[in-house]
Amino acid sequence: LLVTNESLQNQMLEDTSCLSETIYSLLTDQQLLLEEQANTADKNQKITELTDENQCLIKNISSLELIVSQVQCDMKRIQETSNEYKNQVISLNDELKRESAKQQALLVTNES
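Counted from 1, the sequence shown has number 414 at position 19 by this note's numbering; the numbering is strictly sequential.
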């Protein structure tokens, strides 16, 4: 009976030792999982920040595209106005040349 009791105590010590190792291993695994969870939370926060920045950039790009479109329309109108002025200048120059030719003809006629 004494041998069996000692044997039982040894078995209990071995079981307790094994259980302690298992608990330590589980606690270590839990610590690693908590660290991974914290890292994942940090990454998720960074993703959220980057997504917000991306949305802001998309809005800014849209605004810039609208401004570019407006500037292009303004440039087109300016070019059209410039062409109209150019045509008016050409027409006025032609008219001036005709009037000048008439004046020259009158001078020649008056001198004769």
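Just so it is clear, CB atoms sit at the ideal spot from N, CA and C, and this is done for glycine as well.
Contiguous beta strand (DSSP E) elements confined to the segment 398-472 do not occur, taking only those with 3 or more residues.
Listed in chain order, the non-local C-beta contacts of Asp-469 below 6 Å within the same chain number zero, local neighbours out to five positions each way being set aside. When the Cα atoms are used, Glu-494 and Ala-500 turn out to be separated by approximately 10 Å.
Cα atoms of Asp-447 and Ile-453: separation of roughly 10 Å, rounded to the nearest angstrom. Residue state for Ser-507 is assigned as coil, using DSSP reduced to three classes.
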